[in-house]
Amino acid sequence: MPLETTLKLSKENNLNYQGLLSLVEASENTLSILIAVCDDRNLRDKIIEDCEKELLPNIASYHARLDQNEPSLRAAIYKIVPSEEFKKNEKYTLLNITGAEDLFFIRNNGEKSQQEKFFGYLQWTREGLREFPYPIVLWVTNQILVNLSRKAPDFWSWRKGVFHFIPEASLTPVLPPDNRIISDDYLKEDDSHSLSLEDLEELISNTENKRGKNDPNLVTLYNRLGDVYFNRIKSGVAVSFPDEKENALHCYYQALDISREVVDRYGEGNSLQNLGIIYNYLAKYQEAIKYNQQSLAIFKEIGDGHGEACSYKNLGNAYYFLGQYEQAREYYQQSLAITREIGDRKVEATSYNNLGIVYSSLGQYEQAREYHQQSLAISREISDRKGEAYSYNNLGNAYYFLGQYEQAREYYQQSLAITREIGDRNGEASSYNNLGSVYNSLGQYEQAREYYQQSLAITREIGDRNGEANSYIGLGNAYYFLGQYEQAREYYQQSLAIFKEIGDKPGEAKALFNVDLCFKKVQ
1 MPLETTLKLS
11 KENNLNYQGL
21 LSLVEASENT
31 LSILIAVCDD
41 RNLRDKIIED
51 CEKELLPNIA
61 SYHARLDQNE
71 PSLRAAIYKI
81 VPSEEFKKNE
91 KYTLLNITGA
101 EDLFFIRNNG
111 EKSQQEKFFG
121 YLQWTREGLR
131 EFPYPIVLWV
141 TNQILVNLSR
151 KAPDFWSWRK
161 GVFHFIPEAS
171 LTPVLPPDNR
181 IISDDYLKED
191 DSHSLSLEDL
201 EELISNTENK
211 RGKNDPNLVT
221 LYNRLGDVYF
231 NRIKSGVAVS
241 FPDEKENALH
251 CYYQALDISR
261 EVVDRYGEGN
271 SLQNLGIIYN
281 YLAKYQEAIK
291 YNQQSLAIFK
301 EIGDGHGEAC
311 SYKNLGNAYY
321 FLGQYEQARE
331 YYQQSLAITR
341 EIGDRKVEAT
351 SYNNLGIVYS
361 SLGQYEQARE
371 YHQQSLAISR
381 EISDRKGEAY
391 SYNNLGNAYY
401 FLGQYEQARE
411 YYQQSLAITR
421 EIGDRNGEAS
431 SYNNLGSVYN
441 SLGQYEQARE
451 YYQQSLAITR
461 EIGDRNGEAN
471 SYIGLGNAYY
481 FLGQYEQARE
491 YYQQSLAIFK
501 EIGDKPGEAK
511 ALFNVDLCFK
521 KVQ
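Each residue of the sequence shown is one higher than the one before, counting from 1 in full-length UniProt numbering.
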């Protein structure tokens, strides 16, 4: 019977963790090849650490890393086995092997890539491992896992189990904007180790052909494929925004249908949450509320605190965009309480950011500034560059509304520098838009217009309708203060049409007011 974990894992990760412990305990004095799949290094290290604590004092755990130049599993094990400490050990032994995540798949000067060498060593390592009568946990990424069975089939046939651990922060929700301060989908982080679109499509096709179209693994695979399409949209690399938007939605709906068919409650909650997030991004807020309420109910039912916190946050986002700030604040506070309880620092930082945005919208700028400072401190502590950029942006916003424009400009410039550095197109557009607002307030209208044009170009490219509408508002403001009222009115009317289309009532009211001002000027 495996021991209870002290880690606070999602239901799916906990099941895999318990399964891994069970096989380790059942493999005393026996060679057992166990494959652990995890793209999140921090989560992997915590699992290894927790596993070692739980298995002591009966089992001695050792850790070795693959050499990047000669990535031989057997050689990595030999780094441990000859040691004096190992020889003196009389306990049952467990070996954890990491380092596969750092192996490159790109060839250099025609030589085999590091991953090709790794697979080659694995394919001919069976007999060499017989001398190690221990459970060996080989930690790999999803990208390596896909190739493992094809390029090292002999080694693959020896496996006793494969355990998948999904990044606990993969359901981090979106941060809402305050006058287009933030509209990035902070939930879906691009991962350099994630599978490519082509690999996922091939894996889905193979799974459907071999196991049928209702295989439980397809829930995760379709959700991941949806994430790939969604990330392509947000980063501006989608070949066709309408087509890839539909592809993302199709994948999430496929995942939802299969999860319900196989009664996978966690997968169902995750799929519903993904739908809520993408509908928020598409400015279909009522749809977003519907799906996030359903995901919240499921995560409460299965006791998934992380999923519950994210659902509350996403509900807050939708109500924020609808102008219902008090309702949004309630949801954000519920999210914050849970994230502090479960110790998720990254989501805690975004919760502070969201509360700061709401307080800015309610005119409580000093309170907003305090929340953004707390968010910035956490983002720096955990080295979250994107979170740091958004904290700077929101601090700039608080100072802007306090009339401290030079201080606001400094924060926006810091945010812009980071978003450009990390390739965050959505955040870059936000920073340009906010810099335009500052220069408008400083009376530098030509400079403001340039920043708004840059923001507009990006928001169109990535399909951000809310951001596009706010860029039109900014351009209208610049032309209005330049005395070009007809041009200003055209931009305000373009923003009005978008706000009506997406159901943004506060934005619609703002655009109508500005259109009316222009009419009065030209009469």
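Note that beta-carbon positions come from the ideal geometry of N, C-alpha and C, so glycine has one too.
1) Between E388 and I418, is the Cβ-Cβ spacing less than 8 Å?
2) Hey, would you say I80 sits closer than 8 Å to L94, going by beta carbons?
3) For L23, which residues of its own chain have a beta-carbon under 8 Å away from its beta-carbon, when the five flanking residues on both sides are left out?
4) Run the CB neighbour count on R211, radius 10 Å, all protein chains shown included, and call it buried at 16 or more, exposed below.
5) For G436, name the three-state secondary structure that DSSP assigns.
6) Do the segment 432 to 442 and the segment 392 to 411 meet, that is, are 3 or more Cβ pairs less than 8 Å apart?
7) How long is the line joining the alpha carbons of R340 and R41, rounded to whole angstroms?
8) Can you check whether the CB of N466 is closer than 8 Å to the CB of V424?
9) What number of angstroms, rounded off, separates the C-alpha of A152 from the C-alpha of K112?
10) In terms of residue numbering, what span does the beta strand (DSSP E) encompassing Y62 cover?
11) Can you tell me the Cα-Cα spacing of Y399 and R224, whole angstroms?
12) Would you call I182 buried or exposed, if buried means 16 or more other Cβ atoms sit within 10 Å of its Cβ?
13) Less than 8 Å between CB atoms is the rule here; does S335 satisfy it with respect to chain D?
14) Going by DSSP, what residues sit across from F165 in a beta bridge?
15) Let me make sure I understand the geometry here. Which of V262, R369 and I498 has the alpha-carbon closest to that of N217?
16) Could you name the residues that DSSP lists as bridge partners for residue 608?
17) What does the alpha-carbon distance come out to for the pair S495 and S437?
18) Between which two residues does the alpha helix (DSSP H) carrying I80 extend?
19) List the DSSP bridge partners of R211.
20) Mapping the DSSP letters down to three states, classify K520 as helix, strand or coil.
21) Check whether the Cβ atoms of Y121 and S72 sit closer than 8 Å, and answer yes or no.
22) Helix, strand or coil: which one does DSSP assign to K160?
23) According to the neighbour-count rule (16 or more other Cβ atoms, all chains shown, within 10 Å of its Cβ), is K53 buried or exposed?
24) Rounded to a whole number of angstroms, what is the C-alpha to C-alpha distance between A64 and N426?
25) Considering only C-alpha positions, which residue in the set S259, D39 and G483 is nearest to C518?
26) Leaving out five residues on either side along the sequence, give the residues of the same chain with a beta carbon under 7 Å from the beta carbon of residue 537.
27) Between the Cα of Q373 and those of S383, G396, S361 and G363, spot the shortest distance and give me the residue it belongs to.
28) From what residue to what residue does the alpha helix (DSSP H) around Q123 run?
29) Determine the DSSP secondary structure at S383, reduced to helix, strand or coil.
30) Hey, which unbroken runs of the alpha helix (DSSP H) at 4 residues or more fall wholly within the segment 208 to 272?
31) Does the beta-carbon distance from L249 to I278 come in below 8 Å?
32) Given Q123, which residues of its chain have a CB within under 8 Å of its CB, disregarding the five upstream and five downstream residues?
33) Can you tell me which of the three DSSP states T295 falls into?
34) If you check the beta carbons only, do D264 and V228 fall under 8 Å apart?
35) Judging by CA-CA distance, which residue of E101, W158 and P133 is the nearest neighbour of I144?
36) Measure the alpha-carbon distance for F241 versus I233 and round it to whole angstroms.
For this structure:
1) Counted from its first residue, the sequence shown places residue 388 at position 388. Counted from its first residue, the sequence shown places residue 418 at position 418. Yes, they are a contact pair.
2) Indexing the sequence shown from 1 puts residue 80 at position 80. Indexing the sequence shown from 1 puts residue 94 at position 94. The answer is no: Cβ separation not under 8 Å.
3) Mapped onto the sequence shown, residue 23 falls at position 23. S32, L34, P135, K160 and G161.
4) On the sequence shown, residue 211 is found 211 positions in, with the first residue counted as 1. Exposed, by the Cβ-count rule.
5) Position 436 of the sequence shown, counted from the first residue, corresponds to residue 436. G436 falls in the helix class under three-state DSSP.
6) The segment 432 to 442 is in contact with the segment 392 to 411.
7) Working through the sequence shown from its first residue, we reach residue 340 at position 340. Working through the sequence shown from its first residue, we reach residue 41 at position 41. R41 has its alpha-carbon roughly 22 Å from the corresponding atom of R340.
8) Taking the first residue of the sequence shown as 1, we reach residue 424 at position 424. Taking the first residue of the sequence shown as 1, we reach residue 466 at position 466. Residue identity differs from the one stated: residue 424 is Asp in this sequence, not Val. No, these two residues do not count as a Cβ contact at 8 Å.
9) As a working note, residue 152 is residue 152 in the sequence shown. As a working note, residue 112 is residue 112 in the sequence shown. Counting only the Cα atoms, K112 lies some 15 Å from A152.
10) What you label residue 62 is simply residue 62 of the sequence shown in a count that begins at 1. It spans I59 to R65 - the beta strand (DSSP E) in which Y62 sits, taken as one unbroken run.
11) In the sequence shown, the residue the question calls residue 399 occupies position 399. In the sequence shown, the residue the question calls residue 224 occupies position 224. A straight-line Cα-Cα distance of about 39 Å links Y399 and R224.
12) Numbered from 1 along the sequence shown, position 182 holds the residue referred to as residue 182. Note that I182 scores 32 on pLDDT, short of 50, meaning its location in the model is unreliable; the coordinates nonetheless yield the value given after this. It counts as buried.
13) Protein chain content of the structure displayed is limited to a single chain, and chain D is not contained in it.
14) Translated into the one-based positions of the sequence shown, residue 165 becomes position 165. In DSSP, F165 forms a bridge with C38.
15) Here residue 217 corresponds to residue number 217 of the sequence shown, with the count starting at 1. Of the candidates V262, R369 and I498, the one whose C-alpha sits nearest the C-alpha of N217 is V262.
16) Residue numbering for the chain in the displayed model covers 1 to 523; residue 608 lies beyond these limits and cannot be assessed.
17) Here residue 495 is taken as the residue at index 495 of the sequence shown, counted from 1. Here residue 437 is taken as the residue at index 437 of the sequence shown, counted from 1. Rounded to whole angstroms, S495 and S437 show a C-alpha spacing of 16 Å.
18) Against the sequence shown, residue 80 aligns to sequence position 80. Here I80 belongs to no alpha helix (DSSP H), and DSSP marks it neither H nor E.
19) The residue you call residue 211 lines up with position 211 of the sequence shown. According to DSSP, which records beta bridges pairwise, R211 is partnered with nothing at all.
20) Walking along the sequence shown from the start, residue 520 turns up at place 520. Helix at K520.
21) As a position in the sequence shown, residue 121 is number 121, starting the count at 1. As a position in the sequence shown, residue 72 is number 72, starting the count at 1. Note that the C-beta distance between Y121 and S72 is below 8 Å.
22) The residue you call residue 160 lines up with position 160 of the sequence shown. Strand at K160.
23) Here residue 53 is taken as the residue at index 53 of the sequence shown, counted from 1. Counting every other CB atom within 10 Å of its CB across the protein chains shown gives K53 a total below 16, marking it as exposed.
24) For this step, residue 64 is matched to residue 64 along the sequence shown. For this step, residue 426 is matched to residue 426 along the sequence shown. Computed Cα separation, rounded: 40 Å.
25) Taking the first residue of the sequence shown as 1, we reach residue 518 at position 518. Taking C518 as reference, the option from S259, D39 and G483 with the minimal CA-CA separation is G483.
26) With the chain running from 1 to 523 in the structure shown, residue 537 is simply not present.
27) Position 373 of the sequence shown holds residue 373. Nearest option by C-alpha distance: G396.
28) Your numbering for residue 123 matches position 123 in the sequence shown. Q114 to Q123 is the span of the alpha helix (DSSP H), which, as asked, contains Q123.
29) To locate residue 383, count along the sequence shown from 1; it is residue 383. In the structure shown, S383 adopts coil according to DSSP, grouped into three states.
30) Qualifying alpha helix (DSSP H) stretches, in chain order: 217 to 235 and 241 to 261.
31) Here the question's residue 249 lines up with position 249 in the sequence shown. Here the question's residue 278 lines up with position 278 in the sequence shown. For the 8 Å CB-CB criterion, L249 and I278 form a contact.
32) Position 123 of the sequence shown, counted from the start, is the residue given in the question as residue 123. By the criterion of a C-beta distance shorter than 8 Å, Q123 is surrounded in its chain by K151, A152, P153, D154 and F155, once the five residues flanking it on both sides are discounted.
33) To locate residue 295, count along the sequence shown from 1; it is residue 295. Here residue 295 is Ser; the residue named in the question, Thr, does not match the sequence. DSSP places S295 in the helix class (H, G or I) of the three-state scheme.
34) Along the sequence shown, one-based indexing puts residue 264 at 264. Along the sequence shown, one-based indexing puts residue 228 at 228. Not a contact, by the Cβ cut-off of 8 Å.
35) Residue numbering aside, residue 144 sits at position 144 when the sequence shown is read from its first letter. Among E101, W158 and P133, the Cα nearest to that of I144 belongs to E101.
36) In the sequence shown, the residue the question calls residue 241 occupies position 241. In the sequence shown, the residue the question calls residue 233 occupies position 233. The C-alpha of I233 is placed about 6 Å away from the C-alpha of F241.
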